[in-house]
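If you're matching positions, the sequence shown starts at 11 in our numbering and goes up one per residue.
Think of the CB as a built atom: it goes at the ideal place given N, C-alpha and C, for glycine as much as any other residue.
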Amino acid sequence: MRVTMTLALPRQPSSVTRARHVLTTLLSLTDAGVDSRGHLAVLISEACANAVMHAERDSTVDVTIVIDDHDCLIEVGNRGNTPDGAGLTAELPDPLTVGGRGLPLIAALADTSGFVAGHPGQVLLRITKHLTAVPASGPMTTNVGTTSTKPNNSS
Numbered sequence: 011m012r013v014t015m016t017l018a019l020p021r022q023p024s025s026v027t028r029a030r031h032v033l034t035t036l037l038s039l040t041d042a043g044v045d046s047r048g049h050l051a052v053l054i055s056e057a058c059a060n061a062v063m064h065a066e067r068d069s070t071v072d073v074t075i076v077i078d079d080h081d082c083l084i085e086v087g088n089r090g091n092t093p094d095g096a097g098l099t100a101e102l103p104d105p106l107t108v109g110g111r112g113l114p115l116i117a118a119l120a121d122t123s124g125f126v127a128g129h130p131g132q133v134l135l136r137i138t139k140h141l142t143a144v145p146a147s148g149p150m151t152t153n154v155g156t157t158s159t160k161p162n163n164s165s
């Protein structure tokens, strides 16, 4: 299965929540594990929050999500300038510094992440994450009034 969604969201804080909800809904169509879903929720939230904070005033936050059987690709773009250094680092800022943790968090949680060339005046952050699957289990046996986590071995 392959799922693709493209969004053009207004540059406002509520767009972070909207993008996360869309991603969560798309991931519900897959067998992605809880850890993958959680990491991806943080990744899209941080990327969109960064775009909302740093984009030009009249810019939209453009989000592309592509999910296949093994990976999730997230691209978040906006009008503005690529941050100094144009790379992501997993090093956190000084503990007393306010802000500055989003890009290092993205670098730590993503399998790959970085700013990629886009149209002039466009910032585009590309993130990929390998999807770990929910472990397969056999049918469950239940008794009236109780719940069992033992697989049903009867044929």
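Proximity winner among the options, relative to residue i (alpha-carbon distances)
| i | options | result |
| --- | --- | --- |
| residue 62 | 27, 80 and 38 | 27 |
| residue 73 | 33, 129 and 12 | 33 |
| residue 80 | 132, 47, 18 and 129 | 47 |
| residue 122 | 50, 19 and 17 | 50 |
Helix, strand or coil at residue i [DSSP, three-state]
| i | result |
| --- | --- |
| residue 112 | helix |
| residue 66 | coil |
| residue 120 | coil |
| residue 21 | coil |
| residue 13 | strand |
| residue 127 | coil |
Beta-carbon proximity check, residue i vs residue j, cutoff 8 Å
| i | j | result |
| --- | --- | --- |
| residue 25 | residue 71 | yes |
| residue 125 | residue 134 | yes |
| residue 56 | residue 90 | no |
Cα-Cα separation, residue i to residue j
| i | j | result |
| --- | --- | --- |
| residue 154 | residue 117 | Reliability fails at residue 154, whose pLDDT of 46 lies under 50, so the model's placement of it is uncertain and no value is given. |
| residue 145 | residue 78 | 18 Å |
| residue 44 | residue 38 | 10 Å |
Residue i CB to nearest heavy atom of the ligand SAH below 7 Å
| i | result |
| --- | --- |
| residue 11 | The ligand SAH is not part of the structure shown, which contains no ligands of any sort. |
Notebook entry, point to check: Unbroken alpha helix (DSSP H) runs of length 4 or more, entirely within the region 32-93: which are they?
Noted result: 44-64
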